[in-house]
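Okay, so here's the structure we're looking at.
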Amino acid sequence: MADDPVDGPAEHWDGRYSAIGDTAVAWFEADPATSLELISSVAGPEASVVDVGGGASRLVDRLLERGHRDITVVDLSQQALASSVERVGSAPVDWLAVDVRDWQPLRTFDVWHDRAAYHFLTDPADQERYWDLAHQAVADGGHVVIATFAEDGPEQCSGLPVARYSAASLAAAMGERFAVVASRRQEHVTPSGATQVFTWAVATRR
Ligand SMILES: C[S@@+](CC[C@H](N)C(=O)[O-])C[C@H]1O[C@@H](n2cnc3c(N)ncnc32)[C@H](O)[C@@H]1O
25 MADDPVDGPA
35 EHWDGRYSAI
45 GDTAVAWFEA
55 DPATSLELIS
65 SVAGPEASVV
75 DVGGGASRLV
85 DRLLERGHRD
95 ITVVDLSQQA
105 LASSVERVGS
115 APVDWLAVDV
125 RDWQPLRTFD
135 VWHDRAAYHF
145 LTDPADQERY
155 WDLAHQAVAD
165 GGHVVIATFA
175 EDGPEQCSGL
185 PVARYSAASL
195 AAAMGERFAV
205 VASRRQEHVT
215 PSGATQVFTW
225 AVATRR
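With positions in the sequence shown counted from 1, the corresponding number in the numbering used here is that position plus 24.
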């Protein structure tokens, strides 16, 4: 937890969402097309999906439209989750306001999705625990779909330092737990017009 902002991570992220608004934050995507495409490449609508650090992402809306009925969104920001709850209403989604570093899932998922949350873990012990947790929480034959800033992506986001990855270094971080089956670079254009380069990986649980 060495990199936590002084006001605590939940307060920090709640503050960003409240001050900027969930459609103006740098990571906002009106259409989470890459997430949906990569999830669809490994799982059908019957698959259970957990969106780790899902925040106020529109991915949950798109998954519901695709027919998914077992969706969990994990995020430490109550503010971000409240925005999504307001949007999707009474849809069958489990909303978990928890720091992923403290989360103890009581079940497994077919797909673990994370866009731009894991890269905030800069402490090697937190990174190891994250991959142990993902391995524990992904069902046999299940998948991880993850995006981090690329090696030439931003060094910070939301005032916090990030760890940046190539496809190879992301695979190395997963270690023997997952086998990367696809990867790509993606340029995300922020609401203010800046370009951020991401590394995406799809990996199968070993
Ligand atoms: C850059 S945003 C990305 C949000 C979402 N995945 C998207 O693509 O729109 C990072 C998200 O991760 C959440 N987050 C950061 N650290 C976290 C942690 N340790 N545990 C759970 N959520 C975390 C933040 O609250 C924020 O919603």
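Even glycine gets a Cβ: it sits at the ideal position worked out from N, Cα and C.
Roughly how many whole angstroms lie between the Cα atoms of residue i and residue j?
i, j, result
"Arg93", "Glu70", "7 Å"
"Glu175", "Arg188", "5 Å"
"Ser216", "Val76", "25 Å"
"Asp99", "Gly45", "16 Å"
"Glu200", "Arg230", "7 Å"
"Ala121", "Ala206", "30 Å"
"Val168", "Arg86", "18 Å"
"Val109", "Asp147", "31 Å"
"Ser190", "His143", "12 Å"
"Ala218", "Cys181", "12 Å"
Quick one: what's residue i bridged to in DSSP?
i, result
"Trp224", "Ala171, Arg208"
"Val109", "Its beta-bridge partners do not exist; DSSP assigns none."
"Thr219", "Val213"
"Asp75", "Val97, His137"
"Gln180", "Pro185"
Looking only at C-alpha atoms, which of the options sits nearest to residue i?
i, options, result
"Gly39", "Gln102, Ala197, Gly165, Val135", "Gln102"
"Thr211", "Ala197, Pro178, Ala227, Thr228", "The sequence shown places Glu at residue 211, rather than the Thr named in the question. Of the listed residues, the one whose Cα sits closest to Glu211 is Pro178."
"Asp55", "Val117, Ala227, Glu35, Glu89", "Glu89"
"Ala243", "Val213, Ala196, Thr219, Thr214", "Only positions 25 to 230 of the chain appear in this structure, which leaves residue 243 out of reach."
"Gln128", "Leu184, Arg153, Ser190, Trp37", "Arg153"
"Ile95", "Asp123, Ser107, His137, Ser65", "His137"
"Gly78", "Val66, Trp37, Gly68", "Trp37"
"Ala57", "Arg131, Ser42, Tyr142, Ala171", "Ala171"
"Met198", "Val213, Ala227, Thr214", "Ala227"
"Val162", "Trp51, Val74, Asp150, Ser81", "Val74"
"Gln220", "Gly113, His159, Thr47, Trp51", "Trp51"
DSSP on residue i, reduced to helix/strand/coil?
i, result
"Arg139", "strand"
"Gly165", "strand"
"Trp119", "strand"
"Leu145", "coil"
"Ala26", "Because Ala26 sits at a pLDDT of 42, beneath the cut-off of 50, its placement in the model cannot be relied upon, and the point is left open."
"Gln128", "coil"
"Arg188", "coil"
"Val97", "strand"
"Arg230", "coil"
"Val66", "helix"
"Thr214", "coil"
"Asp134", "strand"
"Ala196", "helix"
"Ala203", "strand"
"Pro56", "coil"
"Ser42", "helix"
"Asp31", "coil"
Go through the residues and name those whose CB comes closer than 5 Å to any heavy atom of ligand 1, in chain order. Trp37, Trp51, Gly77, Gly79, Ser81, Asp99, Leu100, Ser101, Ala104, Asp123, Val124, Arg139, Ala140, Ala141, Phe144
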